[in-house]
Amino acid sequence: MSGLPLPLNFFRCPPLRSEEKGFLQQLARTVAVDVINNSRISNPSMHWRLSSDHGDVHLYEGIDQSAPPGVVSWGSVTHVKASLQEVADLFTCEPSTEGYRNMMHVISRHDTLDCAHLYSITNNDVERIDVRWFALKSPLPGVVLPRDLCNLDVQQPFEWEGRQGFVVGFTHIDMKCCPDFRRSLGLIRMRSHRAGYVFLETNIPGQLEVTHLYQINMGGTLPRWVIRAGMKVRLKNVRNLDRYLREKRLSQVSFLAEAELIPVNDRSKCFLCQAKFSILRGKTQCRKCGEVMCRLCTQVWTILNSGIEVPVTVCTPCSLDPSRMEEERRRGLRAGTPPTYFHPNHTPQRAPTSTESVASSPIVLYIPDSDDDFNFVEDGKLGGYDKPTSSSQKHQGHPWSSTTGMVGAGIGPGQISGEPTAYDWNFRTPPRV
């Protein structure tokens, strides 16, 4: 699109006062709890119903009667092979426009037109809160104009029903330093009511349940069928997270030189699935473990090598755990047996997920308390919360409600002690239909 990307110094953002940062921090934590709650398919207040089943991704359409007018509610559920730390690292970037662009190129390269970092509210190992601008491509080119958003973003670990999780939440915020670009750039401003990703551990080691939530006002005047089609396109892209996680994983390891690969003539069958090679089942080599495999057991991945995108052929197990597969290969060569990895077409037994749970357990957010400590924030509980840590110490949590903020602190939604002036934003502007 003409005019994009914008210059790195395009946005002129005046400094925020400490009370304004405190307001945004409170709002962000409320958003984190709301995103977790609203993303649960078992949540009766969301009235979720299955819209379509694509095998690896389930799409849901909901009705949130408490949402502002014009907001549609959609969600998707899938699973990825990853750890919570890998997920957190995937969404971590330097608090700058250049760092944000690099991150979005990794996790949303097919959707992104441009993006910018406006403010950092908190930035530490436990909690990251930022104000960001994001322009995305049209999901239906020629039918729908491209959109942009000005969001308050939050990233936090949490615990729910004894399981660890990680939430990436968004909500719209109006900033004077981020004006409407409809006339200048042809971008329609969307408004996120509640949106984001919720990653939750399952009972299968190394597997996470991923819920992608969209509660958003699309802006403009779009017919319902166009909104539904656009939402389905966006939500099905959640399956790309698995690829992005693997490519980031592979970008952090070294690969074998051509001379170190097993010669293709030394193998008559695939090292992984043990199928014999033929005209229809060609040979290829994994650049990580060096073995000869069929093309069904390998894939071409795009990795970053010194900042340059490089295609590399890697087998499925190496993309999941590069170091472990190398050891597996050596053990298999010594024992003369194939590796103990599932074939890529194998589907493991599905783990019970939060979407099947009907229990209403409190959500505990992990929030920083100081530079070398952190405490816990619990949703919907008026008493303190003690949580043991690995060092056997306990931290006293602050009671938290997703609708009233910190109970007993005299803080409610949209207000703080000495509420910030509206010189920089307007918190109460209703969504544009």
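FYI, the numbering for the sequence shown is 1 to 433, going by UniProt numbering. Glycine included, each C-beta is placed from N, C-alpha and C at the ideal position.
Same chain, Cβ closer than 7 Å to residue i, five either side skipped, listed in chain order
i    : result
R101 : C115
V226 : L140, V143 and V144
E260 : G290
Under the three-state DSSP convention, the category residue i falls into
i    : result
A116 : strand
D53  : strand
M103 : helix
N305 : strand
F158 : strand
P311 : strand
S73  : strand
D89  : helix
K21  : helix
L320 : helix
K137 : coil
G282 : coil
L145 : coil
Q252 : coil
Q26  : helix
V264 : helix
Chain-order list of residues whose beta-carbon lies under 6 Å from that of residue i (same chain, five-residue window excluded)
i    : result
I262 : G290, E291 and V292
K21  : I121
D111 : L136 and K137
G206 : K81
D180 : R189
G62  : M46, H47, W48 and S73
Sequence-distant residues of the same chain with beta carbon closer than 8 Å to residue i, five excluded per side
i    : result
E86  : L245, K248 and R249
L235 : V57, L59, W74, G75, S76, H212 and Y214
Counted within 10 angstroms of its Cβ, other Cβ atoms place residue i as buried (16 or more) or exposed
i    : result
R49  : exposed
S96  : exposed
L12  : Checking the displayed sequence, the identity of residue 12 turns out to be Arg instead of Leu. The residue in question, R12, is exposed, as its Cβ has fewer than 16 Cβ neighbours within 10 Å.
H79  : buried
F271 : buried
P157 : buried
I308 : exposed
G169 : buried
G162 : exposed
* **Meets three-Cβ-pair contact criterion under 8 Å: the stretch 302-310 and the stretch 242-251** => yes
* Count the C-beta pairs between the stretch 160-178 and the stretch 54-65 that are closer than 8 Å, then say yes if the count reaches three, no if not. => no
* Asked: Would you say the stretch 197-204 touches the stretch 78-95, given that touching needs at least three Cβ pairs under 8 Å?
  -> yes
* **Validate contact between the stretch 210-230 and the stretch 138-155 using beta carbons, cut 8 Å, 3 pairs** => yes
* Asked: Can you list the beta strand (DSSP E) stretches of 3 or more residues lying completely in the stretch 165-226, in chain order?
  -> For the stretch 165-226, whole beta strand (DSSP E) runs of length 3 or above, ordered along the chain, are 191-201 and 207-217.
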